[in-house]
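Student: Please see the structure below; I have some questions.
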Amino acid sequence: MRGFSLLLLVVLSAAAASVPQLVGAASGDNFLRIIQKDIIETINKHPNAGWTAGHNPYFANYTIEQFKHILGVKPTPPGLLAGVPTKTYSKSKELPKEFDARSKWSGCSTIGKILDQGHSGACWAFGAVECLQDRFCIHQSINISLSVNDLVACCGDLCGDGCDGGYPIGAWQYFVENGVVTDECYPYFDQDGCQHPGCTPEYHTPACEKKCKVQNQVWQEKKHFSVDGYFVNSDPHDIMAEVYENGPVEVAFIVYEDFAHYKTGVYKHITGGEMGGHAAKLIGWGTSDAGEDYWLLANQWNTGWGDDGYFKIIRGKNECGIEGEVVAGMPKKITGDHGRAFGTAIL
Numbered sequence: 001m002r003g004f005s006l007l008l009l010v011v012l013s014a015a016a017a018s019v020p021q022l023v024g025a026a027s028g029d030n031f032l033r034i035i036q037k038d039i040i041e042t043i044n045k046h047p048n049a050g051w052t053a054g055h056n057p058y059f060a061n062y063t064i065e066q067f068k069h070i071l072g073v074k075p076t077p078p079g080l081l082a083g084v085p086t087k088t089y090s091k092s093k094e095l096p097k098e099f100d101a102r103s104k105w106s107g108c109s110t111i112g113k114i115l116d117q118g119h120s121g122a123c124w125a126f127g128a129v130e131c132l133q134d135r136f137c138i139h140q141s142i143n144i145s146l147s148v149n150d151l152v153a154c155c156g157d158l159c160g161d162g163c164d165g166g167y168p169i170g171a172w173q174y175f176v177e178n179g180v181v182t183d184e185c186y187p188y189f190d191q192d193g194c195q196h197p198g199c200t201p202e203y204h205t206p207a208c209e210k211k212c213k214v215q216n217q218v219w220q221e222k223k224h225f226s227v228d229g230y231f232v233n234s235d236p237h238d239i240m241a242e243v244y245e246n247g248p249v250e251v252a253f254i255v256y257e258d259f260a261h262y263k264t265g266v267y268k269h270i271t272g273g274e275m276g277g278h279a280a281k282l283i284g285w286g287t288s289d290a291g292e293d294y295w296l297l298a299n300q301w302n303t304g305w306g307d308d309g310y311f312k313i314i315r316g317k318n319e320c321g322i323e324g325e326v327v328a329g330m331p332k333k334i335t336g337d338h339g340r341a342f343g344t345a346i347l
């Protein structure tokens, strides 16, 4: 079941020569740009690529080393896997051929909001927070933005290394044990723009303050919890059923150089070296005009990357390990008796 973790361990330990590359990434990571004309031309001339590559403005000034750093999913330690349940669904459950969570739950604005992780390797935290806040809206009719910074700064060893990467399932366990405050209480980015370590080259993980930035807000009163954290079986039917029933899920997958150049279409790895593990939010599925089944995902590289921040990847083939490590959890009911903060109710 832990297909992605196993795949990542194998890939990271493989000899560099065994990875197909267009450029010698390992020898010049600090100087070579991640966006490369040769890769774009190779993809766009490939007869069976199924997707279009281009110059994504978001990575215009990124080096390969900087790109690697934002891919912050690390192989999950075996100890974190112990006792974590795996959800499966009956094969008799009927599912639509196409599905988009933004349409089914149109009143939930967070589902369609593309975020920006900056230069930080906090994708593991973004994917988790995005899914939990979506599920608060779906199951409790509350639109709320939760704090990535709470996870990055305060989760500690349970989640990994903050801005330097972490474990998606650890984030969900943190939601159960500690909850997560609102983004208003503990914002990821400063109001002035890019004052947070997540968007500066230094990559330092911020200190955990456990204090709301808004003076009249109390930290513990702004906490929102998950009832549980679990894996979803890697069978595409199970993943689809989970999304259809409960909302978006967090997925982890291997990223190659060509992925940085994705613009439109159904992605599959064509060329370029392995860069690292990444997390994103899976919100739906469908089939392209060319007959390729795909997953629909929201990334956290702002709208200057990909298809306005979204991407499609081939479904049913565990492409880049995309179906191997799917995690989620259910939101805990918010009640005034516990002093928990209420979000904005959907009317």
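If you number the sequence shown the way UniProt numbering does, the last residue is 347 and the count never jumps. All C-beta atoms, glycine included, are put in the ideal place defined by N, C-alpha and C.
Please go through the same chain and pick out, in chain order, the residues whose beta-carbon is closer than 8 Å to the beta-carbon of Tyr310, but skip the five residues on each side of it.
Tutor: Ile114, Leu296, Leu297, Ala298 and Asn299
Student: For the alpha helix (DSSP H) holding Met240, just list the boundary residues, first then last.
Tutor: Pro236 to Asn246
Student: By how many angstroms is the C-alpha of Gly107 removed from the C-alpha of Ile138?
Tutor: 9 Å
Student: For Tyr256 and Gly277, which I take to be in contact (beta-carbon distance under 8 Å), what is that distance rounded to the nearest angstrom?
Tutor: In fact, because the Cβ distance is near 11 Å, the residues do not count as touching under 8 Å.
Student: Enumerate in chain order the residues of its own chain whose CB-to-CB distance from Lys74 is below 7 Å, with the five nearest sequence positions on each side excluded.
Tutor: Gly160, Gly165, Gly166, Tyr167 and Gly277
Student: Quick check on DSSP: helix, strand or coil for Ile169?
Tutor: helix
Student: Have a look at Gly127 and Thr63 and give me their C-alpha separation to the nearest angstrom.
Tutor: 24 Å
Student: Closest to Ala280 by CA distance: which of Gly306, Glu250 and Glu274 is it?
Tutor: Glu250
Student: With respect to the beta strand (DSSP E) encompassing Leu151, which residues constitute its N-terminal and C-terminal limits?
Tutor: Leu151 -> not in any beta strand (DSSP E); alpha helix (DSSP H) instead, spanning Val148 to Cys154.
Student: Could you tell me the alpha carbon to alpha carbon distance between Ile35 and Pro78, rounded to whole angstroms?
Tutor: 35 Å
Student: Measure the C-alpha to C-alpha separation of Val243 and Gly284 and round it to an integer number of angstroms.
Tutor: 7 Å
Student: Considering just the uninterrupted stretch of the alpha helix (DSSP H) at Glu130, what are its terminal residues?
Tutor: Cys123 to Gln140
Student: Rounded to a whole number of angstroms, what is the C-alpha to C-alpha distance between Ile70 and Glu98?
Tutor: The straight-line gap separating the alpha-carbon atoms of Ile70 and Glu98 is approximately 31 Å.
Student: Pick helix, strand or coil for Tyr294, following the three-state DSSP scheme.
Tutor: strand
Student: In three-state terms, what does DSSP make of Glu41?
Tutor: helix
Student: Starting from Lys104, trace the alpha helix (DSSP H) in both directions and tell me its first and last residue.
Tutor: Ala101 to Lys104
Student: To test your reading of the DSSP string, which unbroken alpha helix (DSSP H) runs of 4 or more residues are found completely within the stretch 32-92?
Tutor: 37-45, 64-70 and 78-81
Student: Which residues mark the beginning and the end of the beta strand (DSSP E) in which residue 352 is found?
Tutor: Nothing in the structure corresponds to residue 352, since the chain is present only between 1 and 347.
Student: Just mark Pro85 as buried or exposed, buried being the case when its beta carbon has 16 or more other beta carbons within 10 Å.
Tutor: Pro85 counts as exposed, since fewer than 16 other beta carbons sit within 10 angstroms of its beta carbon.
Student: Kindly indicate which residue of Cys131, Cys155 and Ser288 has the alpha-carbon position closest to the one of Ser109.
Tutor: Cys131
Student: Report the three-state DSSP secondary structure of Phe253 (helix, strand or coil).
Tutor: Phe253 falls in the strand class under three-state DSSP.
Student: Return the CA-CA distance between Glu209 and Cys154, expressed in angstroms with no decimal places.
Tutor: 8 Å
Student: Between the alpha carbons of Gln195 and Gln117, how many angstroms are there, rounded?
Tutor: Because Gln195 sits at a pLDDT of 48, beneath the cut-off of 50, its placement in the model cannot be relied upon, and the point is left open.
Student: For Asp183 and Gly329, which I take to be in contact (beta-carbon distance under 8 Å), what is that distance rounded to the nearest angstrom?
Tutor: Going by Cβ atoms, the distance from Asp183 to Gly329 rounds to 19 Å, so no, they are not a contact pair.
Student: Pick out whichever of Asp308, Ala252, Ser226 and Pro248 has its Cα sitting closest to the Cα of His261.
Tutor: Asp308
Student: Roughly how many whole angstroms lie between the Cα atoms of Phe136 and Cys163?
Tutor: Going from the Cα of Phe136 to the Cα of Cys163 covers about 25 Å.
Student: I need the straight-line Cα distance from Glu94 to Ala241, nearest angstrom please.
Tutor: Linking Glu94 to Ala241 through their CA atoms gives a straight-line distance of about 9 Å.
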